[in-house]
Amino acid sequence: MSKEYKTLMTEIRLPYELAYGPVWTRFFEGMAEKKIFGTKCTKCGRILVPARSFCPRCFIDTDEWVEVAQTGTLTAWSYVNYRYYGMPTEPPFISALLRLDGTDVDFLHLIGGFDVSDFEKTRKMVKNGMRLKAVWSDDRKAHIMDLKYFKPA
Amino acid sequence: MGRPVGIIGVGQTKHGRRMDVAYPELVREAVLRVFEDSGLEPSDIDGVVSGTMPSMMEGVALTHFYFADAMQAVGKPILKTETCGSTGVSIAHTAYYWVASGMADVVLAVGHEKMNEGDAQATMTTVAEPFYQRYFIAGAPGVFSMQSQMWADRYGIPEAKIRDAAAHISVEHHNAAFENPYAHVKIRVTADDVKNSRVITYPVRLLDVCPTSDGACAMIFVSQNKAKKLGRKTAWVKGVGYRGEEYFFGDSDKGLWQGAVLAAKQAYDQAGIKNPRKDLDVAEVYNPFTFQEMLFYECFGFCEPGGAPDMVLKGTFDKKGQLPCDPSGGVLCTNPIGATGLIRVAEAVLQVTGKAGEHQIPKAKTAFSHAMGGVDQFNGVMIVGSEL
Numbered sequence: 001m002s003k004e005y006k007t008l009m010t011e012i013r014l015p016y017e018l019a020y021g022p023v024w025t026r027f028f029e030g031m032a033e034k035k036i037f038g039t040k041c042t043k044c045g046r047i048l049v050p051a052r053s054f055c056p057r058c059f060i061d062t063d064e065w066v067e068v069a070q071t072g073t074l075t076a077w078s079y080v081n082y083r084y085y086g087m088p089t090e091p092p093f094i095s096a097l098l099r100l101d102g103t104d105v106d107f108l109h110l111i112g113g114f115d116v117s118d119f120e121k122t123r124k125m126v127k128n129g130m131r132l133k134a135v136w137s138d139d140r141k142a143h144i145m146d147l148k149y150f151k152p153a
Numbered sequence: 001m002g003r004p005v006g007i008i009g010v011g012q013t014k015h016g017r018r019m020d021v022a023y024p025e026l027v028r029e030a031v032l033r034v035f036e037d038s039g040l041e042p043s044d045i046d047g048v049v050s051g052t053m054p055s056m057m058e059g060v061a062l063t064h065f066y067f068a069d070a071m072q073a074v075g076k077p078i079l080k081t082e083t084c085g086s087t088g089v090s091i092a093h094t095a096y097y098w099v100a101s102g103m104a105d106v107v108l109a110v111g112h113e114k115m116n117e118g119d120a121q122a123t124m125t126t127v128a129e130p131f132y133q134r135y136f137i138a139g140a141p142g143v144f145s146m147q148s149q150m151w152a153d154r155y156g157i158p159e160a161k162i163r164d165a166a167a168h169i170s171v172e173h174h175n176a177a178f179e180n181p182y183a184h185v186k187i188r189v190t191a192d193d194v195k196n197s198r199v200i201t202y203p204v205r206l207l208d209v210c211p212t213s214d215g216a217c218a219m220i221f222v223s224q225n226k227a228k229k230l231g232r233k234t235a236w237v238k239g240v241g242y243r244g245e246e247y248f249f250g251d252s253d254k255g256l257w258q259g260a261v262l263a264a265k266q267a268y269d270q271a272g273i274k275n276p277r278k279d280l281d282v283a284e285v286y287n288p289f290t291f292q293e294m295l296f297y298e299c300f301g302f303c304e305p306g307g308a309p310d311m312v313l314k315g316t317f318d319k320k321g322q323l324p325c326d327p328s329g330g331v332l333c334t335n336p337i338g339a340t341g342l343i344r345v346a347e348a349v350l351q352v353t354g355k356a357g358e359h360q361i362p363k364a365k366t367a368f369s370h371a372m373g374g375v376d377q378f379n380g381v382m383i384v385g386s387e388l
């Protein structure tokens, strides 16, 4: 494999327009108003967040809307310290699963609100079970990043 | 279980950074080897099944058409099976179902990936949910590190012990890769090297992570009658299992991962495995990340939940341990993703047919192979044995 052979540099760029549908449109309109909405399954009783149009387990429509708490407890996290092409969030950052109070599934977002540039310092601060609170962006666009991150409460 | 199904040939490429060949040539390298190994010819094949990770990994969609010539599929039925990281095991399942159903007697299964030609993590992130989750998933390392952290924090085991056990796995697998002629990464590492390597996605550090590999694997599945006629050394499919969970990451527990538990249980029930650690002679566990491998040992019943770090440190899963895991060096040293799951099955076949060379586990009769796929979503298992 000592000889170097030619390579072709090429690129594929494709635009997409993804439909939110009625349930997720309402969820994101809630985000613009600093609200987090879930839906409750009337069969298994679980409150699902983000809101869903149907319960993935019971396969019935979930049309009972619930505004859920903006505080929760950390379930799992990772300190992300590498990058790839087109990465939507600038590393380093902390990805986290958290259980918002009163809900029955984990919600995926970021932990922030403090200096995360030093991994060792971060590791001492972030613990599963810690309490977290939502922090909103001032410039909201009915988008998941309307929530800036969850900060230690 | 349908008709009995045997596996009579394995072909692998030299895995690694393979910019020395075009993608179809890489696939053909594995296909030529499986014909050489099995003594069969393209005209003997009734059908072809192949698969990759998301096709955009290499910027060419519908790769089974791209490789129709390299797989000698022209004039035959062709299928593609694509289940993300578990693609390889799903290809094996598809070939198995095809022969077990009685609709074919000889099926060629081919898995392939050329990850160095694109941006693997950017491609894999497109698997994640686009409205809510893609911003935070951080590619495969992000997802599987969150899962690993969830598991590592669960049983009150000191973090330092879990860290030591993960380092032990890294050292073992990197050493094992030297005994596998097809393995990609061949470096000697110490536990301190692993523990001091750069944080990629905590708790995972650089030497806890698999490489970006190019490679292909081909296998031939046959009916019992065909195997009898050929009279060659055959591995027999003893059990298959595939199970998963909801799409949203966060909807189900990943610390004791039920998809993995139930996929293994389905295969164990078919194969008559009661005590996996005793009944299995060797296992090829899909282990792109060291921490995750311990979680899998627990899900597969190789040890109790929370028991993996102690048993790893005792050497239970080392090459000379009670249940050797990944004597090929595993995914940690070789990961051309669309081929990786099929390589796990291939290595299991090599073990039970006594053809694993330097990494042969003596007298291996029953072998376990596994792969997982998606944003922590699905698991597949295939168990093979030396006797029908």
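From first to last, the protein sequence lines stand for chains A and B. The first sequence begins at 1 in the numbering used here and counts up one residue at a time. The second sequence begins at 1 in the numbering used here and counts up one residue at a time. The C-beta atom is built at its ideal place from N, Cα and C for all residues, glycine as well.
- The alpha helix (DSSP H) runs lying completely inside the stretch 103-132 of chain B and spanning 4 residues or more are 120-125, given in chain order.
- Cα atoms of Thr89(A) and Val189(B): separation of roughly 32 Å, rounded to the nearest angstrom.
- At a cut-off of 8 Å between C-beta atoms, Ile144(A) counts as an interface residue with respect to chain B.
- Spanning the alpha carbons of Arg28(B) and Ile60(A) requires a straight line of approximately 48 Å.
- Assigned with DSSP and collapsed to three states, Val143(B) falls in helix.
- For Arg134(B), the chain A residues whose Cβ falls inside 7 Å of its Cβ are Pro88, in order along the chain.
- For the pair of segments examined, the stretch 13-33 of chain B was found not to touch the stretch 291-308 of chain B: the number of CB pairs separated by less than 8 Å stays below three.
- In this structure, Val49(B) sits away from Val10(B), with a CB-CB distance that is not shorter than 8 Å.
- Chain B places a beta carbon closer than 8 Å to that of Ala76(A), counting this residue as a contact.
- In this structure, Gly88(B) lies near Ala339(B), with their beta-carbon atoms less than 8 Å apart.
- Residues of chain B with a Cβ closer than 9 Å to the Cβ of Ile60(A) do not exist, since the nearest Cβ in that chain sits about 15 Å away.
- The continuous alpha helix (DSSP H) containing Glu120(A) extends over residues Phe119 to Met125.
- In this structure the stretch 130-141 of chain A lies against the stretch 20-40 of chain A, because at least three pairs of beta carbons, one per stretch, are closer than 8 Å.
- Contact with chain A is found for Ser145(B), since one of that chain's Cβ atoms lies less than 8 Å from the residue's Cβ.
- Pairing Ile343(B) with Cys210(B) gives a Cβ-Cβ distance that is not under 8 Å.
- Relative to the Cα of Arg232(B), the nearest Cα in the group Gly39(B), Val5(B) and Ile45(B) belongs to Gly39(B).
- Contacts with chain A at 8 Å (Cβ-Cβ) include Met150(B).
- With respect to Val375(B), Phe249(B) sits close: the two C-beta atoms are nearer than 8 Å.
- Residue burial annotation: Ile187(B) is exposed, with fewer than 16 other C-beta atoms found within 10 angstroms of its C-beta.
- Under DSSP, Leu108(A) takes part in a beta bridge, and its partners are Leu97(A).
- Residue pairing by DSSP leaves Gly45(A) without any beta bridge partner.
- In the structure shown, Thr75(A) falls within a strand segment according to DSSP collapsed to helix, strand and coil.
- Among the bridge pairs identified by DSSP, Asn379(B) is matched with Arg243(B) and Met372(B).
- In this structure the stretch 279-296 of chain B touches the stretch 195-214 of chain B; the number of beta carbon pairs closer than 8 Å is three or more.
- Taking C-beta atoms as the reference points, Val345(B) and Ser369(B) count as a pair closer than 8 Å.
- Against Val135(A), chain B offers no close residue; the least beta-carbon distance is about 15 Å (beta-carbon pairs closer than 7 Å).
- Within 7 Å of the CB of Asp106(A), the CB atoms of chain B belong to Gly250, in sequence order along the chain.
- In the three-state reduction of the DSSP assignment, Arg134(B) falls in the helix class, which pools H, G and I.
- Pairing Leu323(B) with Glu358(B), the inter-Cα distance amounts to about 17 Å.
- For Phe37(A), the enclosing beta strand (DSSP E) covers residues Phe37 to Lys40.
- The three-state reading of DSSP puts Ala19(A) in coil, since its state is none of H, G, I, E or B.
- If you compare the alpha carbons of Arg154(B), Met124(B) and Ser55(B) with that of Gly129(A), the shortest gap goes to Arg154(B).
- DSSP lists no bridge partner for Gln351(B).
- A residue is called buried when at least 16 other Cβ atoms come within 10 angstroms of its Cβ; Met146(B) meets this threshold and is buried.
- In this structure, Val261(B) keeps its C-beta atom at 8 Å or more from the C-beta atom of Met382(B).
- Apart from the 5 residues on each side of it in sequence, Asp193(B) sits with its Cβ closer than 8 Å to the Cβ of Leu207 in its chain, given in chain order.
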